[in-house]
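The sequence shown begins at 110 in the numbering used here and counts up one residue at a time.
Ideal Cβ placement from N, Cα and C applies to all residues, glycine included.
Given the structure is predicted, the values throughout are model-derived calculations rather than measurements.
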Amino acid sequence: MLIEKSPQELFDLALDSECGIEIVLDDHTSARSVRRMFYNERDKLRALGNLGYDSLSFIIKGHDLWIVPRDRLRGEQKVELLDCRPLGRGELPDRILSRGKSRVGVYIS
110 MLIEKSPQEL FDLALDSECG IEIVLDDHTS ARSVRRMFYN ERDKLRALGN
160 LGYDSLSFII KGHDLWIVPR DRLRGEQKVE LLDCRPLGRG ELPDRILSRG
210 KSRVGVYIS
């Protein structure tokens with residue numbers, strides 16, 4: 110049984126849900142087509158002044174499509190470490206090689 114909903118109805122469902130929604134589709138090609146349609150629809154709504162859907166991410170998972178509010182995607186990031194301490198001025202080198210530069214003589218002072 111097929112269910113038909115407008116993109117805006119699906120956007121509202123995603124925003125009203127706890128973590129977003131999953132749309133089950135036939136194949137990966139359908140998921141890509143629907144995602145493009147969602148981007149176009151969101152651009153049209155944005156042009157009309159409706160910015161409420163800008164926070165939605167459209168994520169392809171296999172042959173399904175997830176609509177997830179971005180603020181629910183971000184988890185708290187943590188770094189596992191053994192220790193952390195402040196550096197003293199005497200520990201810093203006089204010259205530091207510029208990041209991404211491997212040539213001799215490229216320094217930041």
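Where does residue 173 sit, in a helix, a strand or coil, going by DSSP?
strand
Buried or exposed, going by whether 16 or more other CB atoms sit within 10 Å of the CB of residue 156?
exposed
How about residue 130 and residue 168: are their beta carbons less than 7 Å apart?
no
Pair within 7 Å by beta-carbon distance, residue 174 and residue 132
yes
Check this for me: beta carbons of residue 150 and residue 116, under 7 Å apart or not?
yes
Could you check where the alpha helix (DSSP H) with residue 143 kicks off and where it finishes?
137-156
Rounded straight-line distance, which links the Cα of residue 153 to that of residue 159:
9 Å
Go ahead and pull the three-state DSSP assignment for residue 118.
helix
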